[in-house]
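Here is the structure we will look at.
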Amino acid sequence: SEIKKSLVLIISGSNSASEASHKIVQFLARKREESLSDQLGGQAMELILCQILLQIIMFHSSLSKGLLGGGSRQDEPAHDILRDIQSTNGPTNAFHTKYYHQIVSLLCMHSIVIRSIIENYFTYFYDNASKLSNTNTKLISMLFAFLLKKDSISWRVLRVWTLDPDSDRNNVHTRVLMKFLFLALHEQLERRDDSSEGELSKRLTMEHRRNNYADVFPFINDSIENSFRSSINEESRISRVALLSRRADKVRYSIVYFASIGLGRIDLVDRLEKRHKELLQIIQQEERKARIGAGSSLPAVVEEDHPISSEKESLAARLKK
Numbered sequence: 003s004e005i006k007k008s009l010v011l012i013i014s015g016s017n018s019a020s021e022a023s024h025k026i027v028q029f030l031a032r033k034r035e036e037s038l039s040d041q042l043g044g045q046a047m048e049l050i051l052c053q054i055l056l057q058i059i060m061f062h063s064s065l066s067k068g069l070l071g072g073g074s075r076q077d078e079p080a081h082d083i084l085r086d087i088q089s090t091n092g093p094t095n096a097f098h099t100k101y102y103h104q105i106v107s108l109l110c111m112h113s114i115v116i117r118s119i120i121e122n123y124f125t126y127f128y129d130n131a132s133k134l135s136n137t138n139t140k141l142i143s144m145l146f147a148f149l150l151k152k153d154s155i156s157w158r159v160l161r162v163w164t165l166d167p168d169s170d171r172n173n174v175h176t177r178v179l180m181k182f183l184f185l186a187l188h189e190q191l192e193r194r195d196d197s198s199e200g201e202l203s204k205r206l207t208m209e210h211r212r213n214n215y216a217d218v219f220p221f222i223n224d225s226i227e228n229s230f231r232s233s234i235n236e237e238s239r240i241s242r243v244a245l246l247s248r249r250a251d252k253v254r255y256s257i258v259y260f261a262s263i264g265l266g267r268i269d270l271v272d273r274l275e276k277r278h279k280e281l282l283q284i285i286q287q288e289e290r291k292a293r294i295g296a297g298s299s300l301p302a303v304v305e306e307d308h309p310i311s312s313e314k315e316s317l318a319a320r321l322k323k
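Quick note, the sequence shown lines up with residues 3 to 323 if you use the working numbering.
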């Protein structure tokens with residue numbers, strides 16, 4: 003459509019991200035005044051804009067082929083211009099990558115509607131991570147890492163992520179996507195931080211307090227007594243041990259994941275390791291009480307059958323994509 007063509011021309015013809023975003027905002031405002039939104043078949047102009055930007059960034063993605071909507075045709079003028087832009091926007095072209103990231107960032111900060119659309123796309127890409135090529139997994143991760151660093155979108159979007167080993171939303175594709183995102187975040191944030199803890203560690207700790215990423219950093223907010231003892235006081239001692247063991251496994255899984263991608267030193271992971279040790283101590287205490295109550299002379303269960311270090315190496319190998 004003419005609107006798509008105009009948006010693509012603005013993006014490709016501007017000298018800076020601030021100029022492009024300013025022109026786009028003016029263009030959208032003018033079109034609203036002309037009451038042309040009814041001609042878009044129910045699609046908001048902001049949505050079309052976000053789709054165009056994402057298609058440019060994801061120039062090779064199988065997902066990007068449908069981002070402009072079902073009515074897109076190869077002979078559209080906008081499609082020809084878009085193809086020319088994509089041909090210069092390779093994954094190694096840092097200038098173009100930063101340019102488009104800055105446009106998205108500025109538009110998100112200007113418009114609540116655009117910000118909401120981009121945040122919803124994060125969930126969309128997470129749920130469809132298996133359909134992304136390795137190149138586009140990296141490109142999408144770099145985009146959202148930049149937006150998070152700039153606070154152009156809310157860190158609340160990370161609540162879609164889970165490291166629960168029993169969840170269908172935790173798979174090798176989502177783990178690779180988040181690996182690239184966190185490594186990009188680490189690289190971008192650490193450039194401006196000289197402290198020993200690191201900017202990423204501090205931001206994650208702060209955002210965890212706000213958003214509670216319980217499926218990524220499980221069981222570290224509550225005290226041991228409140229989180230485990232009081233919640234299972236009606237269970238048999240055997241059930242207590244089973245429940246605590248499952249929770250210890252979840253904590254262990256998160257520790258292994260972050261260590262395997264090279265982020266095992268951030269504060270939240272350190273707290274996970276302390277919580278894991280506390281859980282193992284409680285499990286041993288419960289088992290000891292169970293043996294005394296049963297009059298058994300069985301030896302105590304070995305604390306860990308499989309060292310965490312070996313799990314880190316195994317998961318790191320699987321995350322190489």
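Just so it is clear, CB atoms sit at the ideal spot from N, CA and C, and this is done for glycine as well.
Helix, strand or coil for residue i? Go by DSSP, reduced to three states.
| i | result |
| --- | --- |
| Y123 | helix |
| I5 | helix |
| L134 | coil |
| L265 | coil |
| N213 | helix |
| I13 | helix |
| A186 | helix |
| T164 | coil |
| R171 | coil |
| V115 | helix |
| K152 | coil |
| F219 | coil |
| S20 | helix |
| A46 | coil |
Can you have a look at residue i and say buried or exposed, based on whether 16 or more other CB atoms are within 10 angstroms of its CB?
| i | result |
| --- | --- |
| E36 | exposed |
| I294 | exposed |
| S20 | exposed |
| T139 | buried |
| N17 | exposed |
| S262 | buried |
| R290 | exposed |
| E189 | exposed |
| S132 | exposed |
| N172 | buried |
| R177 | buried |
Would you mind working out which of the options sits nearest residue i, comparing C-alpha positions?
| i | options | result |
| --- | --- | --- |
| A250 | L270, Q283 and S262 | Q283 |
| F219 | T164, R171 and V106 | T164 |
| D269 | E280, E288 and M208 | M208 |
| S169 | Q53, S241 and K252 | K252 |
| N136 | V115, M60 and Q287 | M60 |
| S113 | R248, R254, M47 and R242 | M47 |
| T125 | A292, M180, H98 and L185 | M180 |
| D214 | D153, R242, I155 and V162 | This sequence places Asn at residue 214; Asp is not what is there. Of the candidates D153, R242, I155 and V162, the one whose C-alpha sits nearest the C-alpha of N214 is V162. |
| S247 | R177, G266, K279 and S154 | K279 |
| I120 | D153, A22 and K100 | D153 |
Compute the Euclidean distance between the alpha carbons of residue i and residue j, then round it to the nearest angstrom.
| i | j | result |
| --- | --- | --- |
| K33 | F127 | 29 Å |
| H175 | F182 | 11 Å |
| L202 | E4 | 43 Å |
| K25 | I12 | 7 Å |
| P167 | F260 | 14 Å |
| L30 | C110 | 14 Å |
| D106 | I58 | Contrary to the premise, residue 106 reads as Val rather than Asp in this sequence. Near 11 Å, if we compare the C-alpha coordinates of I58 and V106. |
| F272 | I257 | Note on residue identity: the sequence assigns Asp, not Phe, to residue 272. Straight-line Cα distance between these residues: approximately 8 Å. |
| R158 | R211 | 11 Å |
| G15 | S118 | 26 Å |
| Y102 | L149 | 11 Å |
| A244 | L274 | 19 Å |
| H8 | I50 | Residue identity check: residue 8 is Ser in the sequence provided, not His. About 12 Å. |
| L56 | M144 | 12 Å |
| R277 | A147 | 28 Å |
| R242 | G200 | 38 Å |
| T99 | I54 | 14 Å |
| E192 | F184 | 12 Å |
Verify the CB distance criterion: does residue i have a CB-CB separation below 7 Å to chain C?
| i | result |
| --- | --- |
| A131 | Absence of chain C from the displayed structure is noted, only one protein chain being present. |
What do you reckon, is the C-beta of residue i under 6 Å from a heavy atom of the ligand COA?
| i | result |
| --- | --- |
| S154 | The model depicted lacks the ligand COA and carries no ligand whatsoever. |
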